[in-house]
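Chemist:
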Amino acid sequence: MSRALPPPPATTPAGPPVARRPGGLLQIGSTPRSATVLGPGAPGAGGPEVLDRLGRPAGGVGVEARLAADGTAWNAFDPAGPAPAQRFAARAAAVVAVVGGGRTARLLLQLLEDAGVGALVTEDPAALPPARARPAAPADLVVLITHHAAHAVRADGLLADGVPHLSVVLRDTDAVVGPLVVPGRSACLRCLDLHVTDADPGWPAVVDAFVHGPRGAEESATARAVAGLAGLQVLAHLDGAGAAAVGATLELLLPEGTVRQRWWSAHPQCGCVDLPLPAGRPVRDP
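Given below as structure tokens:
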């Protein structure tokens with residue numbers, strides 16, 4: 002008499018959910034794009050090694066317990082990436098600067114601190130505890146938060162120094178995260194201005210008025226959504242996972258909350274991708 006198999010665990014330890022499928026198969030994960038099916042005859046069956054990698058609590062490899070959930074999630078997002086211990090060691094050694102104050106900036110700084118980024122630079126002394134904020138430091142990535150339009154001039158020094166930077170613009174009925182500019186490899190903020198000017202010759206006067214005008218309001222839910230979307234781009238870049246905002250803008254439509262990705266090429270009149278990069282600053286290809 003056959004004995005019924007016990008139900009599978011609801012989840013692996015600190016990991017994705019597990020469900021038993023017909024034919025003795027196990028499905029690990031709930032998202033079709035990243036779920037894994039294990040068992041006899043399953044395509045790409047990885048056996049216990051896959052289960053072990055997805056299910057091992059991050060705290061078991063020396064990472065703080067509060068980062069265990071992050072390690073599990075990023076293993077699913079970026080299965081070819083580093084193990085949690087190496088991922089968080091790299092984040093702990095990184096420096097991220099956030100230029101621009103306001104609610105979105107404060108939420109982004111808190112998110113990056115929670116995600117294990119080692120050093121955070123901010124213009125807002127109230128945004129972080131004094132022990133966590135640095136008044137000045139060479140940054141691995143700079144986030145530029147503006148209202149109504151990106152300010153390309155503010156990024157000129159970063160471009161010349163080969164510092165990757167992410168533009169975040171809060172507008173009336175949408176917010177734009179990106180591009181994440183990798184100097185010498187992807188379109189810069191001036192490229193975007195030139196592309197828009199090609200379609201709208203009046204744009205230079207408009208953008209000048211916007212960047213020098215008053216700051217807009219930062220609605221609660223919008224600020225949190227934008228901080229989360231920008232934080233994902235920062236962490237993907239630091240982890241080497243290939244941020245979606247490199248060479249692209251992610252437009253968060255409000256109040257729907259849907260995101261539209263728009264690709265941008267380097268503008269032929271800009272020349273930013275032909276600039277020599279500073280010696281000693283490696284740049285990873287997007």
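Quick note, our numbering runs 1 ahead of the 1-based positions in the sequence shown.
A virtual CB, placed ideally from N, CA and C, is assigned to each residue, including glycine.
Predicted model only: the values in this text are computed from it and were never measured.
Helix, strand or coil for GLU114, going by three-state DSSP, please let me know.
Modeler: helix
Chemist: With contact counted as at least three CB pairs below 8 Å, one residue from each stretch, are the region 99 to 119 and the region 223 to 233 in contact?
Modeler: Result yes; three or more Cβ-Cβ pairs closer than 8 Å.
Chemist: Looking at the unbroken alpha helix (DSSP H) that takes in LEU160, where does it start and where does it end?
Modeler: 157 to 162
Chemist: Measure the CB-CB distance between LEU167 and VAL183 and report whether it falls below 8 Å.
Modeler: Cβ atoms of LEU167 and VAL183: not closer than 8 Å.
Chemist: State yes or no: is the C-beta of VAL99 within less than 8 Å of the C-beta of LEU109?
Modeler: With contacts defined as CB atoms closer than 8 Å, VAL99 and LEU109 qualify as a contacting pair.
Chemist: Secondary structure at HIS72, three-state DSSP: helix, strand or coil?
Modeler: Note that residue 72 corresponds to Gly in the displayed sequence, not to His. Looking at GLY72 - three-state DSSP - the assignment turns out to be helix.
Chemist: What first and last residue would you give for the alpha helix (DSSP H) that runs through PRO23?
Modeler: Here PRO23 belongs to no alpha helix (DSSP H), and DSSP marks it neither H nor E.
Chemist: Pick out whichever of GLY243, THR37, ALA90 has its Cα sitting closest to the Cα of ALA77.
Modeler: Of the candidates GLY243, THR37, ALA90, the one whose C-alpha sits nearest the C-alpha of ALA77 is THR37.
Chemist: Going straight from the alpha carbon of LEU253 to that of GLY217, what length do you get?
Modeler: Whole-angstrom Cα-Cα distance: 16 Å.
Chemist: Going residue by residue through the region 254 to 278, where are the continuous alpha helix (DSSP H) segments of at least 4 residues, counting only ones entirely within it?
Modeler: Whole alpha helix (DSSP H) segments, 4+ residues: zero.
Chemist: Roughly how many whole angstroms lie between the Cα atoms of LEU181 and ASP71?
Modeler: 22 Å
Chemist: Ignoring anything shorter than 3 residues, give me the beta strand (DSSP E) runs that lie fully in the region 170 to 247, in order along the chain.
Modeler: Correct list: 175 to 182.
Chemist: Check whether the region 191 to 200 and the region 270 to 277 are in contact - that is, three or more C-beta pairs closer than 8 Å.
Modeler: Yes, the region 191 to 200 touches the region 270 to 277.
Chemist: Report the three-state DSSP secondary structure of THR105 (helix, strand or coil).
Modeler: Looking at THR105 - three-state DSSP - the assignment turns out to be helix.
Chemist: Spatial neighbours of VAL260 within its chain, please: CB distance less than 8 Å, with the 5 preceding and 5 following residues excluded, ordered by chain position.
Modeler: LEU230, LEU251, GLU252, LEU253, LEU254
Chemist: According to DSSP, what are the bridge partners of ALA120?
Modeler: Partner residues in the beta bridge of ALA120, as assigned by DSSP, are VAL96.
Chemist: Taking all protein chains shown into account, decide if ASP275 is buried (16 or more other Cβ within 10 angstroms of its Cβ) or exposed.
Modeler: Its Cβ having fewer than 16 others within 10 Å, ASP275 is exposed.
Chemist: Sorted by chain position, which residues of the same chain lie with C-beta nearer than 6 Å to SER31's C-beta, five sequence neighbours on each side aside?
Modeler: PRO18
Chemist: With a CB to CB cut of under 7 Å and the five nearest residues on each side skipped, what residues in its chain are close to GLY214?
Modeler: HIS149
Chemist: What does DSSP give as the partner residue(s) for THR250 in the beta ladder?
Modeler: Beta-bridge pairing links THR250 to ARG263.
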